[in-house]
Amino acid sequence: MSELSAELLILFLLLMANGIFAMAEIAVVSARKAYLKQLADKGNARAKSTLAIAREPGRFLSAVQVGITLMVVLAGDVGGGTLTRVIEESILGFDISTALAHKIAKGLVVAGITLSSVVIGELIPKRLGLANPERIALYLAPAINNLARIVSPMVSLLTWLTDGIMKLFGLRTQTTEKPVSDEEVNILIEQGMHAGVFNKTEKDMVAGVLELDRLPVTALMTPRPKIVFLNLDDPEEANWRRIVASGHSYFPVYQGNRDHVLGLVSVKALWAHSAIGLSTSLKNLMVPALIVPETMTAIQLLETFKKSSRHIALICDEFGAIQGLTSLIDVLEAIVGDMPAQGRRDAPGAKQREDGSWLVDATLSIGEVKSMFNLDTLPHENDADFQTLGGFVMTQFGRIPAAGDYFDHAGWRFEVVDMDRHRVDKVLVAKTPAAAVEKVAG
Numbered sequence: 001m002s003e004l005s006a007e008l009l010i011l012f013l014l015l016m017a018n019g020i021f022a023m024a025e026i027a028v029v030s031a032r033k034a035y036l037k038q039l040a041d042k043g044n045a046r047a048k049s050t051l052a053i054a055r056e057p058g059r060f061l062s063a064v065q066v067g068i069t070l071m072v073v074l075a076g077d078v079g080g081g082t083l084t085r086v087i088e089e090s091i092l093g094f095d096i097s098t099a100l101a102h103k104i105a106k107g108l109v110v111a112g113i114t115l116s117s118v119v120i121g122e123l124i125p126k127r128l129g130l131a132n133p134e135r136i137a138l139y140l141a142p143a144i145n146n147l148a149r150i151v152s153p154m155v156s157l158l159t160w161l162t163d164g165i166m167k168l169f170g171l172r173t174q175t176t177e178k179p180v181s182d183e184e185v186n187i188l189i190e191q192g193m194h195a196g197v198f199n200k201t202e203k204d205m206v207a208g209v210l211e212l213d214r215l216p217v218t219a220l221m222t223p224r225p226k227i228v229f230l231n232l233d234d235p236e237e238a239n240w241r242r243i244v245a246s247g248h249s250y251f252p253v254y255q256g257n258r259d260h261v262l263g264l265v266s267v268k269a270l271w272a273h274s275a276i277g278l279s280t281s282l283k284n285l286m287v288p289a290l291i292v293p294e295t296m297t298a299i300q301l302l303e304t305f306k307k308s309s310r311h312i313a314l315i316c317d318e319f320g321a322i323q324g325l326t327s328l329i330d331v332l333e334a335i336v337g338d339m340p341a342q343g344r345r346d347a348p349g350a351k352q353r354e355d356g357s358w359l360v361d362a363t364l365s366i367g368e369v370k371s372m373f374n375l376d377t378l379p380h381e382n383d384a385d386f387q388t389l390g391g392f393v394m395t396q397f398g399r400i401p402a403a404g405d406y407f408d409h410a411g412w413r414f415e416v417v418d419m420d421r422h423r424v425d426k427v428l429v430a431k432t433p434a435a436a437v438e439k440v441a442g
């Protein structure tokens, strides 16, 4: 082997070694600690070692930097000998001075080594490290960590200097894992959906689950005006008419006033007793009602349902007044979307008319209203206590409105078209004249 061939081989090996250090560095930094921990828990010794390095990477990074610096210095030194002389001799054939030929040859060698070092020693290895971080980290990190013990004095010095300078500027020397946020999980699921790992239904379900701890039970409930109550003091025939007309499955039973709920009765129990000729007395068939505060979140409600044998809950305010009724199905629908079933109550609706306007039930939740009309926020949303379109309308007027009253917001006109005594029942939502003209012009 010629001297030039030997020098080029040594230079190539040094660049490859530099690449291994660079690849190990990026792999350890990018490796998913959760995956490494999973392998470590299964008894993988390499995973345990790599996880320890990833959690405390100070000495490892110092060892990597020592290795990279050493490889670069050696590459520069090796490249300054035979290769420079060969190039210089070739340039001298162009009838230029020896001094100039030496400078040109030296410059070409430096440029070539620098380019090779960047591409072969840095960019390509780091791309490979990012493509398979866990796999590469498992193979390289323990070996480089063992190498750190060989050059321990240098590594200790670099680590000490680095920590000292960081402390001098008030910077943290210990790496801490930030907890994963809901937003990050949603982003990962979104990326997984685009990659074909998840489908849209799975993505929407995960988003629904993550929303449960921020969703108040009042956003799930059937509001009080929509609940069919049974009065223990009413004739049995009157209560049966209410049951048959409603199509519901459960009914709150009260005596005196509707805030004095004694329990819940199910249609299933009533029909079963009626079919075999037993008494259908509400007092005998009702079961204790599960009552929860309106401040409870959907995730807390789900936990309450899991701990109890009842899957229907009445929601009360701070004064003990019944505000609405919700069920386990409502929580599940917040996760998977609407699940229409025979005999269930109809959800508050919105019907689009031929002119493009919407006739909306005032009990539609604020979340659904914002989604339907692409509204980011509503006036007084944070400082006023309303959960439905009707509450929003009354807050805007600051009084009990009358049919025909309207106001404009964000390019939409909200007009009260029907009142149920003191309660807003139906609202007509349409583009304001200016917004409609602008849409036509566009």
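Counting from 1, one number per residue, gives the positions in the sequence shown under my numbering. Here a beta-carbon is modelled for each residue, glycine too, at the ideal position from N, C-alpha and C. All of these numbers come straight from a predicted model, not from anything done at the bench.
#1: In angstroms, rounded to a whole number, what distance separates the CA positions of G337 and A289?
#2: If you draw a straight line from the C-alpha of D259 to the C-alpha of R310, how long is it?
#3: Please classify F21: is it buried, with 16 or more other beta-carbons within 10 angstroms of its beta-carbon, or exposed?
#4: Keeping to the same chain, check which residues put their C-beta closer than 6 angstroms to that of P433; ignore five residues upstream and five downstream.
#5: Decide if the stretch 268–277 is in contact with the stretch 293–313; the criterion is three or more beta carbon pairs, one per stretch, under 8 angstroms apart.
#6: Counting only the same chain and skipping the five closest in sequence on each side, list residues whose C-beta sits under 6 angstroms from that of R345.
#7: So, at 6 angstroms on beta carbons, what are the nonlocal neighbours of H380 in its own chain, with the 5 sequence-adjacent residues on each side left out?
#8: Just mark V424 as buried or exposed, buried being the case when its beta carbon has 16 or more other beta carbons within 10 Å.
#9: Under 6 angstroms Cβ to Cβ from P125, same chain only, skipping five residues before and after it: list those, please.
#10: What is the rounded straight-line gap between the Cα of S246 and the Cα of P225?
#11: According to DSSP, is H273 part of a helix, a strand, or is it coil?
#12: Does DSSP put D408 in a helix, a strand or coil?
#13: Cα-Cα, which of C316, T388, T218, Y254 is closest to V287?
#14: Are the beta-carbon atoms of L302 and A313 separated by less than 8 angstroms?
#15: Would you decide whether E25 is buried or exposed? Buried here means 16 or more other CB atoms lie within 10 Å of its CB.
#16: Measure the alpha-carbon distance for L445 versus V155 and round it to whole angstroms.
#17: Below 8 angstroms between beta carbons: does that hold for A334 and L230?
#18: Can you check DSSP and say which residues form a bridge with F12?
#19: In the DSSP assignment, what are the bridge partners of D420?
#20: By a C-beta neighbour count over all protein chains shown, 10 Å radius and 16 as the cutoff for buried, is Q342 buried or exposed?
#21: Have a look at L210, A6, T162 and flag the residue whose alpha-carbon is nearest the alpha-carbon of I189.
#22: Of the choices A350, S357, E354, whose alpha-carbon is the least far from that of S365?
#23: Roughly how far, in whole angstroms, is the beta-carbon of L49 from the beta-carbon of P142, given that I think they are within contact range, below 8 angstroms?
#24: Quick check: the Cα distance between G398 and F392, rounded to an integer number of angstroms?
#25: With DSSP collapsed to three states, give me the class of R344.
On the basis of the coordinates in this document:
#1: 26 angstroms
#2: 20 angstroms
#3: buried
#4: none
#5: no
#6: Residue confidence for R345 is low, a pLDDT of 41 falling below 50, so the modelled location carries little weight and cannot support an answer.
#7: T395
#8: buried
#9: G19, A22, M23
#10: 13 angstroms
#11: helix
#12: strand
#13: Y254
#14: no
#15: buried
#16: Residue 445 falls outside the range modelled here, since the chain spans only 1 to 442, and no answer is possible.
#17: no
#18: In the DSSP output, where bridge partners are listed per residue, F12 has none listed.
#19: R423
#20: Legend: pLDDT at Q342 = 46, less than 50; position of this residue unreliable, no value from coordinates given.
#21: L210
#22: A350
#23: Correcting the residue identity first, residue 49 is Ser in this sequence and not Leu. So it is a contact: roughly 4 angstroms between Cβ atoms.
#24: 10 angstroms
#25: With a pLDDT of 41 at R344, under the threshold of 50, the predicted position of this residue should be treated as unreliable, though the coordinate-derived value follows. Coil, per DSSP.
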